[in-house]
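In my numbering, the protein residues as written are 5 to 548.
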């Protein structure tokens, strides 16, 4: 840091204390972490670090010249300057005095892009809760954990099946969401980003939401209403919708010639203020979704909650997916090898699909990957829904599904609609499990299926956030160990056929499979996210 620096303290915080970047700089200040230490040593030894101007600025330029990215945070109205004379120093000091640094810091703690409910009903006061937490030494991880515990208590209240329990559950769910917003705002306010925080923030939202679904289903069961199928359907719909979002974003993350008339229309609509909020609300992002769930839980029944949730999420999924399909068909984007690999990782293809793909590699160019995946998904899901429980023909259909799964990933996934392949595979697997559990028609089958899909969904979310963090997908041995999507589909079909005369054992088989998947995935996931190689980021993506 230059000793002549004049500016706001928070400008220095942004440059010197943000752990997410190997190198970060503002005028007069530069910080590097271990990953950029070698680049700094080279910069010091080069002529680029000598000459006129602040030494820190010259070092930053020299570090960039070595090929190391230097993050330069947007300061907005914050001041960071190295005055050359007394007049400039006086002007810089006046600029510092004219800006309320704390107000800027509080505003920057809130996401620049968020849902309507979060922006106008939560963030106006949750940012002050974040500041209160920061001044008392609380960490974002502690707030995130408090949010999870609150949501689990809410689920427990819902599980009572009593009206007081439903009202308490609704109130506690909103409190949990306030804390969920607060943890990210605290991280941005105090720049407390961490590897553990990235993992907690990425996974706890789903754990909270799906635990609440289970609580509602247990509460309904106490009153003689079985809504486990609806709870499972809501979880499947939400997960598939998120996979659509993730796959589309990864496919187009670094695509070139990435324009289309549909995207241009969307940009024009964004220029009309009120349409931005309408379009964000109708997709039922997490804030609106949790508010709806909380209110309906307090005043109606679990069945009505799930009906409204499924209807709202289905509309949002159709709206966003249709728009993305139109964009993909009307743009002429050239996708990179990195994007193709990310999509291949998101398919969660196991050893059976990999074997099929290896046998077909080099001869698969004439096949439409997404159409093959769609055919396999329709055949598998349709057969699971149509055929009686335990029908051996379902095994034959599952074998065909395995073959289509391998064929779909035999060629690089660079087609216009290949980003649809991961959500298609998710739908095939999840719907198959749901259909077989429902057709078994024995106590415990649907709750066991809920547990299995929750464990598999965690693995799929974990894969997404590792790719987002730039560290790649989980290791191949993990995907192979849990069978890949096609292996689990085939195994589930075989279990149903083997246990057709002992359907009461089917829930036990699903439970054993769920526990196995959960243990393998969680142990490896925890090992990764607490390691030094995990990305120190907080999710700043679109509201989910």
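In this text, a Cβ means the ideal position worked out from N, Cα and C, and glycines have one as well.
Please look up how many angstroms separate the CB atoms of residue 6 and residue 60, rounded, as I've assumed it's under 8 Å. 5 Å
Between which residues of its own chain and residue 152 is the CB-CB distance below 7 Å, once the five residues before and five after are set aside? 208, 211 and 212
Following the continuous beta strand (DSSP E) through residue 33, name the residue where it begins and the one where it ends. 33 to 36
Excluding the 5 residues preceding and the 5 following residue 313 in the sequence, name in chain order all residues of the same chain whose CB lies nearer than 6 Å to its CB. 238
Across which residues does DSSP place residue 437 in a beta bridge pair? Paired residue(s): none; residue 437 is not in a bridge.
Would you say the beta carbon of residue 420 comes nearer than 7 Å to a heavy atom of the ligand ZN? Absence of the ligand ZN is noted for the structure shown, with no ligands found whatsoever.
Should the stretch 41 to 50 be called in touch with the stretch 222 to 242, which here means at least 3 C-beta pairs below 8 Å? no
Span of the alpha helix (DSSP H) holding residue 29? Unbroken run through residue 29 is the beta strand (DSSP E), 27 to 30; no alpha helix (DSSP H).
Measure the C-alpha to C-alpha separation of residue 431 and residue 386 and round it to an integer number of angstroms. 11 Å
What's the gap between the Cα of residue 175 and the Cα of residue 185? If I take the Cα positions, the gap works out to 16 Å.
Report all residues from its chain with a CB closer than 7 Å to the CB of residue 560; omit the five preceding and five following residues, and keep chain order. Because residue 560 is not part of the residues shown, which for the chain are 5 to 548, the question remains open.
Under a three-way DSSP split, which group does residue 534 fall into? coil
Own chain, CB closer than 6 Å to residue 173, minus 5 neighbours either side, in chain order: 158, 161, 162 and 301
Thinking C-alpha only, which one of 316, 24, 391 and 412 is nearest residue 362? 412
For the pair the stretch 307 to 324 and the stretch 374 to 383, tell me if three or more CB-CB distances fall below 8 Å. no
Please confirm if the stretch 402 to 421 is in contact with the stretch 452 to 468, defined as three or more CB-CB distances below 8 Å between the two stretches. At 8 Å Cβ cutoff, the stretches do not touch.
Would you give the residue range spanned by the alpha helix (DSSP H) that residue 145 belongs to? 144 to 162
Pick from 67, 30, 249 and 406: whose alpha carbon is nearest that of residue 424? 249
Which residue marks the beginning of the alpha helix (DSSP H) containing residue 212, and which one marks its end? 199 to 226
At what residue ranges does the stretch 370 to 397 contain a whole run of the alpha helix (DSSP H), taking only runs of 4 or more? You should have 373 to 390.
Exposed or buried, what is residue 336 when buried is set at 16 or more other beta-carbons lying within 10 Å of its beta-carbon? An exposed status is given to residue 336, since fewer than 16 other beta-carbon atoms sit within 10 Å of its beta-carbon.
Output needed for residue 8: all residues of its chain with C-beta closer than 6 Å, excluding positions within five of it in sequence on either side, in chain order. 86
Residue 10 - partner residues in DSSP beta bridges: 85
With DSSP run on the structure shown, which of helix, strand or coil describes residue 338? Looking at residue 338 - three-state DSSP - the assignment turns out to be strand.
Which residues in the same chain as residue 19 place their Cβ atom closer than 8 Å to its Cβ, once the five residues preceding and following it in sequence are excluded? Excluding positions up to five away in sequence, the list reads 28, 29, 30, 33, 34, 35, 77 and 84.
For the alpha helix (DSSP H) containing residue 133, list its first residue and its last residue. Under the DSSP assignment, residue 133 falls in the alpha helix (DSSP H) whose first and last residues are 127 to 139.
Touch check for the stretch 415 to 422 and the stretch 438 to 449: three-plus C-beta pairs under 8 Å? no
Tell me the DSSP secondary structure of residue 75 in three-state form. strand
Can you check which of these residues, 204, 105 and 254, is closest to residue 477 by C-alpha distance? 254
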